[in-house]
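Notes to accompany the following structure.
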Amino acid sequence: MTKIEPLGAVRERVTADLRQEIIAGSLRPGDRLVERELAERFGVSRVPVREAIRALVAEGFVHFETPRRTVVRRLTPTDVKELFELREALEVYAAGLAASRATREDLAEVQELIDRAAATEAGDAEAITDVNSRLHDRIVAMAGNSLLTEALEPVAGRLRWMTRRNEEWPQLLVEHRELYEAIASGDPDRARAHALTHVRTNYRSTVRHLFGEEAAP
Numbered sequence: 013m014t015k016i017e018p019l020g021a022v023r024e025r026v027t028a029d030l031r032q033e034i035i036a037g038s039l040r041p042g043d044r045l046v047e048r049e050l051a052e053r054f055g056v057s058r059v060p061v062r063e064a065i066r067a068l069v070a071e072g073f074v075h076f077e078t079p080r081r082t083v084v085r086r087l088t089p090t091d092v093k094e095l096f097e098l099r100e101a102l103e104v105y106a107a108g109l110a111a112s113r114a115t116r117e118d119l120a121e122v123q124e125l126i127d128r129a130a131a132t133e134a135g136d137a138e139a140i141t142d143v144n145s146r147l148h149d150r151i152v153a154m155a156g157n158s159l160l161t162e163a164l165e166p167v168a169g170r171l172r173w174m175t176r177r178n179e180e181w182p183q184l185l186v187e188h189r190e191l192y193e194a195i196a197s198g199d200p201d202r203a204r205a206h207a208l209t210h211v212r213t214n215y216r217s218t219v220r221h222l223f224g225e226e227a228a229p
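Residue numbers (the working numbering): 13 to 229.
Following this line, the structure appears as structure tokens:
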């Protein structure tokens, strides 16, 4: 007897697959999302595809150019600036809390991620994106504030999208190690200072890679 997948599960699966295709670059800015074609490709009805597209609109990955035309969003300098302003407000604060609240087990997990990052090949964009996201998620989790985690969750996907386009992996590794050491020191001021430097450096790198050297602040 064939097991019928609940509609909600189908929607989540299609949403996750499309999100990952956008982050990975299989679907590029300006590419059109056609319900009928996607439904055929995923082997589902058009209903979960329609709902998945709406979810991705809410997350900022796609938008409606017209009522009948949905495309992958083209990021603008303003989009990037606003997202990094949010990161600066929340992640810097999270780093300070993490320095005050991190346990030995927490720090050991971050150290393991740092070691994994160091072993990642510079050209492996997917692995770099994954390790970078896990590292930042872990630091936010160490802050021990569920509302802070919830505030960052809606933009986490877009942050991964941008991280994948940042090719300055060796520099990111240095900054991550320094941030870890600052948090491990137990000094909130030091942790916040390193987190602020990291976010602003990453912002400049992201703008440069997305829009060119002349656009970098």
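Beta carbons: idealized from backbone N, C-alpha and C, even for Gly.
Nothing here was measured: the structure is a model prediction, and the numbers come from that model.
Short of 7 Å from the beta carbon of residue 196, and not among the five residues preceding or following it, lie these beta carbons of its own chain, in chain order: 119. When the Cα atoms are used, residue 88 and residue 131 turn out to be separated by approximately 33 Å. Per DSSP, the unbroken alpha helix (DSSP H) holding residue 58 starts and ends at 58-71. Taken in chain order, no unbroken stretch of beta strand (DSSP E) lies wholly in the stretch 99-187 with a span of 3 residues or more. Looking only at 174, 152, 156, the smallest Cα-Cα distance to residue 164 is reached by 152.
Residue burial is scored here from C-beta neighbours: residue 108 has at least 16 other C-beta atoms within 10 angstroms and is therefore classed as buried. Within the same chain, 194 come within 8 Å of residue 205 by CB-CB distance, once the 5 residues on both sides are set aside.
Taking all protein chains in view, the Cβ of residue 155 is crowded by 16 or more other Cβ atoms within 10 Å, so the residue is classified as buried. Residue 39 sits away from residue 65, with the two beta carbons spaced by 9 Å or more.
Residue 45 is bridged by DSSP to 82.
Per the Cβ contact rule, the stretch 180-193 is in contact with the stretch 124-141 (3 or more Cβ pairs under 8 Å). Pairing residue 61 with residue 51, the inter-Cα distance amounts to about 6 Å. Taking every protein chain shown into account, the CB of residue 34 has 16 or more other CB atoms within 10 angstroms, so this residue is buried. For the 9 Å CB-CB criterion, residue 219 and residue 84 do not form a contact. The straight-line gap separating the alpha-carbon atoms of residue 142 and residue 173 is approximately 11 Å.
Counting of Cβ neighbours within 10 angstroms places residue 16 among the exposed residues, the total staying below 16. DSSP places residue 77 in the strand class (E or B) of the three-state scheme. In the same chain as residue 157, and ignoring 5 residues on each side of it, no C-beta atom comes closer than 6 Å to its own. In the DSSP annotation of this structure, the continuous segment of the alpha helix (DSSP H) that includes residue 34 starts and ends at 19-36. In the displayed model, residue 229 falls within coil according to three-state DSSP, outside both helix and strand.
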